[in-house]
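Line by line, the protein sequences give chains A and B.
Numbering follows this note's numbering, with no gaps: position 282 of the first sequence is 1462.
Numbering follows this note's numbering, with no gaps: position 273 of the second sequence is 438.
One structure is given here, and the rest of the page talks about it.
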Amino acid sequence: MSHVTTTPSPETTAPVDGEVTRRRGWGWLLLVPGMLWLAVFFVFPTIQLLFTSLYDPSGSYETGYQLTWHFGNYVSAIADTWNLFLRSFGYAAIATLVCLALGYPLAYAITFKAGRWKNFMLVLVIAPFFTSFLLRTLAWRTILADEGPVTGFLKAIAVLPDDGRLLATPVAVIAGLIYNFMPFMTLPLYASLDKVDHRLIEAAGDLYASPFTGFRKVTFPLSLPGVVSGTLLCFIPACGDYINAELLGTPKQYMVGNRIQAAFLTEHNYPLAASLSIILMAVVVLMVVFYIRRAGTEDLV
Amino acid sequence: MADGDKDLRLERLTKRFGDFAAVDDLSLTVPSGSFFALLGPSGCGKTTTLRMVAGLEDPTAGRVLIGDDDITSLRPYRRPVNTVFQSYALFPHLTIFENVAFGLRRRGVKDYKQKAVDMIELVELGPYADRKPAQLSGGQQQRVALARALINEPGVLLLDEPLGALDLKLRRQMQIELKRIQTEIGITFVHVTHDQEEAMTMADTIAVMNQGVIEQMGAPADLYENPVTTFVANFLGQSNLIMSDVIGASGSDVVVDCHGQKLSVDTSRSHAAGRNAWLGIRPEKIFAGAAGQGEHAGSNVLTGGRITDVSFIGVSTQYLVVMPWGQELMVFEQNTGRRAVLRNGDEVDLTWSPQHAFLLDADQDAQAGMMRPEDLE
Chain A
1181 MSHVTTTPSP ETTAPVDGEV TRRRGWGWLL LVPGMLWLAV FFVFPTIQLL FTSLYDPSGS
1241 YETGYQLTWH FGNYVSAIAD TWNLFLRSFG YAAIATLVCL ALGYPLAYAI TFKAGRWKNF
1301 MLVLVIAPFF TSFLLRTLAW RTILADEGPV TGFLKAIAVL PDDGRLLATP VAVIAGLIYN
1361 FMPFMTLPLY ASLDKVDHRL IEAAGDLYAS PFTGFRKVTF PLSLPGVVSG TLLCFIPACG
1421 DYINAELLGT PKQYMVGNRI QAAFLTEHNY PLAASLSIIL MAVVVLMVVF YIRRAGTEDL
1481 V
Chain B
166 MADGDKDLRL ERLTKRFGDF AAVDDLSLTV PSGSFFALLG PSGCGKTTTL RMVAGLEDPT
226 AGRVLIGDDD ITSLRPYRRP VNTVFQSYAL FPHLTIFENV AFGLRRRGVK DYKQKAVDMI
286 ELVELGPYAD RKPAQLSGGQ QQRVALARAL INEPGVLLLD EPLGALDLKL RRQMQIELKR
346 IQTEIGITFV HVTHDQEEAM TMADTIAVMN QGVIEQMGAP ADLYENPVTT FVANFLGQSN
406 LIMSDVIGAS GSDVVVDCHG QKLSVDTSRS HAAGRNAWLG IRPEKIFAGA AGQGEHAGSN
466 VLTGGRITDV SFIGVSTQYL VVMPWGQELM VFEQNTGRRA VLRNGDEVDL TWSPQHAFLL
526 DADQDAQAGM MRPEDLE
């Protein structure tokens, strides 16, 4: 049967083939605007960045730079800032884990328990985006201020010593990261929990699984795609973030993003800034690939 | 496993959704080890009843008992009951083996591996144990769902339209298979279906449900031969229902006047109280003979019919016969080849034995329980 269909007579297939190629042609056309955009605003700048990272470091903003394939930029960048890298990944990892711990119950409640309040709660999750990211982070300075209510309360219950403070500490920076990236965790988790067939949870109960075991064996494994995409959407931008460290921390809490920003905009040390950016990008890509391999989630995208 | 004192009993079970009573004061006993079918059209409350037995729905009132154990308020995972779901509800992230072993592992059964392997063999899916449900066909998934429930040796196995998603041929095959497995292991099966043929093929006892109550319960043949309501008469097979007046009794028969012709019905088959009644007769019980010919001693005879439609089905021929009062009656005749097929326009007399007719209360809707187009699948 298959043998017959794979070798059909040319007369019958010719028009069909023509139609297929014509359709494929249209499909590619639809890709063109997006591809052009990516080429101009992503591929070209990335190549430019790669070249910049290999400029002669003795050049300057005023005198101009020479492309000398100076790979030493990378060595000095790592030697200079390895502790910033460690801090960035550490802060981002803690923030991601806390986001998961807070976001999962929230997404679960929205999906299964919110009833007719479901849409309202989803709007609340998205609502912060209506205000500027910068303004909201600035607001946290007031919330965590030394004389503010949060600090006062924590002092009152003796969690914080009397001379303790929140602002300008790692706690403030990580809290800012958690706050800013929480929706990016909650929404993918919600999307994937919402897809879990309620009848599967009933079936687990029917097969002697207590509600908790049912969650552990059925609901959670089925929501893993959401966990993977949520953690990625949190971790990746958090690694490169500098606003939270800038506004809520001090140079002691600075992350790689702060160093890159300073090198580009203040010191005009373009080769250093570019090589830091490339390293950050490469390390994040490697970590993500490793993570997705381990999580074994093929149907992520 | 199943023994005599493990009957499933529902006592005055009621479930209301707002003002709507999905199940209304329902009481029944399913004997241990029997194959019991809850049969009814969609929305009659049969699935709700099943879900209350499984613990997936809380009854508004009433009790569910297995033997002497009241399980009404037990959570689903504590009940000795398993369900084969209509959608199968197989866990998509687990292999067939893990799906089948799920219940045993939750209960901490030590030799779950061997039991699961044996059960997968029983449903003839050995080579597929390591596959995921999505890689199996509908019929195979159905068998996994059955294996996953049966392996727990439940007191009662609930089947919620388990064959609904299969095509006709596969459904027939699975009906026989299910019946075989049930006979082999002797677990009580409660099978919910809207397919009357499926219920009659498999079940020992059928309860016909309509609008939250049981219309009639009994062995398939009893329900079919002696229905007590128009709903049952129409929902199980087809019936001719003719309006008639009850005029008296003669021996063990009730005598009725049917548009001027006297007919009799066995008293045990009379379920009408008033002066009027629906006289019911199944199409295959009627013999249509040429008008004015033959002896009809002891038979009921309706004269003055004329054939208006002849459908040749193969095993049988189906006639429509218009009566003098304008009603069209159905008559089925086996194609035995002993006599020529009647033709359109032939004048006929209809005869049947008084043991085959039944009388139903005239207050009921003669159309109740008839298949609507949307019920046909």
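Note that CB positions come from ideal geometry on N, CA and C, so glycine has one too.
Beta carbon proximity, residue i to chain B, threshold 8 Å
i: R1473 (chain A); result: no
i: E1447 (chain A); result: no
i: D1236 (chain A); result: no
i: S1403 (chain A); result: no
i: S1390 (chain A); result: yes
i: L1380 (chain A); result: yes
i: T1399 (chain A); result: no
i: A1383 (chain A); result: yes
i: T1261 (chain A); result: no
i: L1369 (chain A); result: no
i: L1387 (chain A); result: yes
Assigned exposure category for residue i - 16 Cβ within 10 Å defines buried
i: T1192 (chain A); result: Since pLDDT at T1192 (chain A) reaches only 43, below the 50 mark, its modelled position is unreliable, and no value is offered.
i: I1381 (chain A); result: buried
i: E1426 (chain A); result: buried
i: N1424 (chain A); result: buried
i: V1436 (chain A); result: buried
i: P1168 (chain A); result: With chain A running from 1181 to 1481 in the structure shown, residue 1168 (chain A) is simply not present.
i: E363 (chain B); result: buried
i: V1255 (chain A); result: exposed
i: Q1508 (chain A); result: Nothing about residue 1508 (chain A) can be read from this structure; chain A reaches only from 1181 to 1481.
i: P1431 (chain A); result: exposed
i: R503 (chain B); result: exposed
i: L507 (chain B); result: buried
i: K326 (chain B); result: For clarity, residue 326 (chain B) is Glu in the given sequence; the question names Lys instead. By the 10 Å Cβ count, E326 (chain B) comes out buried.
Simplified DSSP assignment, three categories, for residue i
i: I379 (chain B); result: strand
i: F1231 (chain A); result: helix
i: K1397 (chain A); result: helix
i: W443 (chain B); result: strand
i: V513 (chain B); result: strand
i: K1301 (chain A); result: In the sequence under discussion, the amino acid at residue 1301 (chain A) is Met, which differs from the Lys named in the question. Three-state result, M1301 (chain A): helix.
i: N1253 (chain A); result: helix
i: Y1370 (chain A); result: helix
i: T468 (chain B); result: strand
i: F185 (chain B); result: strand
i: T1331 (chain A); result: helix
i: L1380 (chain A); result: helix
i: S1240 (chain A); result: strand
i: A527 (chain B); result: coil
i: A455 (chain B); result: strand
Any chain A beta carbon closer than 8 Å to residue i
i: T237 (chain B); result: no
i: S252 (chain B); result: yes
i: T213 (chain B); result: no
i: P327 (chain B); result: no
i: G183 (chain B); result: no
i: G303 (chain B); result: no
i: G320 (chain B); result: no
i: R296 (chain B); result: no
i: H258 (chain B); result: yes
Among the options, the one whose alpha carbon lies nearest that of residue i
i: A414 (chain B); options: B:P392, B:R440, B:L401 and B:N509; result: B:R440
i: C1279 (chain A); options: A:L1318, A:W1217 and A:N1360; result: A:N1360
i: N465 (chain B); options: B:R471, B:D283, B:F452 and B:R181; result: B:F452
i: S481 (chain B); options: B:F497, B:L467 and B:V249; result: B:F497
i: T1399 (chain A); options: B:L255, B:G205, B:S207 and B:Q251; result: B:L255
i: Q532 (chain B); options: B:W517, B:A522 and B:L401; result: B:L401
i: L204 (chain B); options: B:D410, B:V420, B:M382 and B:D422; result: B:M382
i: L1456 (chain A); options: A:I1323, A:H1250, A:L1402 and A:A1257; result: A:A1257
i: S197 (chain B); options: B:A314, B:I412, B:T353 and B:N391; result: B:T353
i: A1371 (chain A); options: A:A1352, A:D1386, A:F1395 and A:V1407; result: A:V1407
i: P245 (chain B); options: B:H258, B:S238, B:I231 and B:Y253; result: B:I231
i: D528 (chain B); options: B:P206, B:D410 and B:T179; result: B:D410
Amino acids of chain D, ordered along the chain, whose beta-carbon sits closer than 9 Å to that of residue i
i: T353 (chain B); result: Among the chains of the structure shown, chain D does not appear; the protein chains present are A and B.
Practice prompt. List in chain order: all unbroken alpha helix (DSSP H) runs of 4+ residues lying wholly within the segment 1403-1475 of chain A.
Written response: 1423-1428, 1436-1441 and 1450-1475
Fill in: beta strand (DSSP E) runs contained entirely in the segment 189-248 of chain B, provided each spans 3 or more residues
Assignment of beta strand (DSSP E) within the segment 189-248 of chain B, counting only whole runs of 3 or more residues, yields 200-204 and 226-231 in chain order.
Practice prompt. Counting only runs of 4+ residues fully inside the segment 310-386 of chain B, write out the alpha helix (DSSP H) ranges in chain order.
Written response: 333-350 and 361-367
Worksheet item: In the segment 409-453 of chain B, which residue ranges form an unbroken alpha helix (DSSP H) of at least 4 residues, counting only runs that do not cross its ends?
Response: none
Fill in: Contained alpha helix (DSSP H) runs [length at least 4] in the segment 478-506 of chain B, N- to C-terminal order
none
Worksheet item: Which ranges does the alpha helix (DSSP H) cover as unbroken runs of at least 4 residues, wholly within the segment 1333-1364 of chain A, from first to last along the chain?
Response: none
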